[in-house]
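Residue numbers (our numbering): 7 to 375.
Ideal placement from N, C-alpha and C gives every residue a C-beta, glycine not left out.
See structure below.
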Ligand code: ADP
């Protein structure tokens with residue numbers, strides 16, 4: 007079974023930009039702690055990507071349920087129900103889609119919301135799927151309204167409407183397609199329309215990984231790269247990985263460089279600390295951009311509340327990147343709070359950055375202090 011990529015339908019993942027070669031050091035450091043995909047990372051994603059549910063580390067509750075769904079579908083010789091995977095970038099949504107196809111013994115077609123530019127692209131994909139195959143649409147919240155509407159009959163009745171002919175002779179005909187499974191991935195469930203959400207039989211929300219799970223991922227990736235990594239080193243790396251497997255894997259690759267050039271050839275705590283200091287990643291796993299975000303709140307707005315648009319403008323980053331990539335971890339770790347009037351820096355953020363607390367917290371920060 008190999009993942010099939012339909013011609014011209016695969017967009018670059020995330021809004022991440024170009025290859026990492028040649029980027030400035032501080033830019034590289036800020037990218038190190040982002041869950042999005044950069045440059046040659048797709049190649050390493052393939053190397054590190056677990057290929058079975060057994061190998062997929064953590065998320066046990068979801069794995070147990072998926073095992074049942076796969077087994078039931080196989081026994082009935084039916085396709086899996088449509089599945090929606092939600093969660094910040096780098097937590098394993100694409101990996102799960104690959105694993106599901108492998109466990110089902112079917113083909114996987116990979117595309118993304120922005121790449122399905124019009125109905126024709128969707129029709130091209132859907133007419134190629136065989137029975138029970140999986141169509142994976144990453145960033146599914148970015149499908150256009152017309153494409154999304156064209157998807158509905160395909161999901162419900164396994165048929166699509168196709169326009170035949172031109173001008174006055176044009177007519178719409180219905181075409182049957184093979185029963186298939188849609189696996190959609192989104193970093194922003196809130197942006198998904200209700201009718202689309204309702205067409206998924208299963209919705210899984212992936213959480214940030216605990217340090218113990220990331221330790222196992224680090225150990226596995228180090229062994230795949232054939233670099234020795236001791237337990238303390240794996241733990242130190244896991245602690246700085248923002249709860250995100252992709253960041254853990256990225257750090258393993260970077261720390262491997264430092265270990266081989268400036269260390270003993272082994273990933274241990276000392277070399278992890280040294281590398282992360284050089285890369286600007288602090289003990290909480292926060293990078294330059296995270297700290298800049300918190301400092302903007304603290305230094306310029308007395309801790310907030312500040313609207314996300316203002317934060318985006320101050321950081322010169324798109325609002326989406328702030329909301330998809332930076333905020334979820336800061337919120338989850340309690341460095342950032344959300345109020346109806348905007349984002350606020352919490353007491354924990356002040357303590358982490360060594361900033362003095364404001365004399366009198368503004369009224370709607372009360373509960374956070
Ligand atoms: P997403 O699609 O959510 O952005 P990916 O599935 O592309 O994330 O995962 C990013 C990287 O992290 C891949 O290289 C993958 O191997 C690794 N990874 C993700 N989840 C796990 C996991 N549970 N166990 C081991 N590796 C993982």
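In this structure, the ligand ADP has a non-hydrogen atom nearer than 7 Å to the beta-carbon of residue 97. Taking the Cα of residue 279 as reference, the smallest distance to any Cα among 123, 244, 168, 61 is reached at 244. For residue 280, the enclosing alpha helix (DSSP H) stretches over residues 275 to 285.
Between residue 187 and residue 156, the C-beta spacing is not below 8 Å. Taking a 10 Å sphere around the C-beta of residue 170, we find fewer than 16 other C-beta atoms and assign the residue as exposed. Runs of the beta strand (DSSP E) lying entirely within the region 159 to 193 and spanning at least 3 residues, in chain order: 165 to 170, 177 to 182, 187 to 192. The way I'd put it, the region 290 to 303 does touch the region 328 to 348; three or more beta-carbon pairs between them come closer than 8 Å. Under DSSP, residue 309 takes part in no beta bridge, so it has no partner. Counting only the Cα atoms, residue 53 lies some 27 Å from residue 288. Residue 58 sits away from residue 89, with the two beta carbons spaced by 8 Å or more. Looking from the CA of residue 84, the closest CA among 60, 184, 98, 130 belongs to 184. If you draw a 10 Å sphere on the C-beta of residue 315, you find fewer than 16 other C-beta atoms in it, and that means exposed.
According to DSSP, residue pairing for residue 228 in a beta bridge does not occur. Around the beta carbon of residue 109, a 10 Å sphere encloses 16 or more other beta carbons of the protein chains shown; the residue is thus reported as buried. For residue 277, the Cβ stays outside the 7 Å cut-off from all heavy atoms of the ligand ADP. Per DSSP, the unbroken beta strand (DSSP E) holding residue 209 starts and ends at 208 to 211. Of the other Cβ atoms in all chains shown, fewer than 16 fall within 10 Å of the Cβ of residue 178; this residue is therefore exposed. Going by DSSP, residue 141 is part of the beta strand (DSSP E) stretching over 140 to 144. Residue 112 carries a coil assignment under DSSP once its states are collapsed to helix, strand and coil. Membership of residue 361 in any beta strand (DSSP E) is not indicated, and neither H nor E is assigned to it by DSSP.
The Cβ atoms of residue 152 and residue 125 lie closer than 8 Å to each other. In the three-state DSSP reduction, residue 89 falls in the strand class (E or B). Within 7 Å of the C-beta of residue 255 there is at least one heavy atom belonging to the ligand ADP. Residue 235 and residue 56 have their C-alpha atoms spaced approximately 19 Å apart. Residue 342 sits buried, since 16 or more C-beta atoms from the chains shown fall within 10 Å of its C-beta. Taking all protein chains shown into account, residue 71 has fewer than 16 neighbouring C-beta atoms within 10 Å of its C-beta and is therefore exposed.
Beta bridge pairing from DSSP links residue 234 with 272. Using a Cβ distance threshold of 8 Å, residue 257 and residue 246 count as a contacting pair. Here the distance from the Cβ of residue 223 to the nearest heavy atom of the ligand ADP is below 7 Å. Its chain contains 56, 69, 98, 101, 102, 105 as the residues whose beta carbon lies nearer than 8 Å to that of residue 62, once the 5 sequence neighbours on both sides are disregarded; these appear in chain order.
For the options 48, 218, 67, 356, the alpha carbon positioned closest to that of residue 209 is the one of 67.
For residue 65, the CB falls within less than 7 Å of some heavy atom of the ligand ADP. The beta carbon of residue 207 sits closer than 8 Å to those of 87, 88, 89, all from its chain and outside the five residues before and after it, given in chain order. The closest heavy atom of the ligand ADP lies 7 Å or more from the beta carbon of residue 73.
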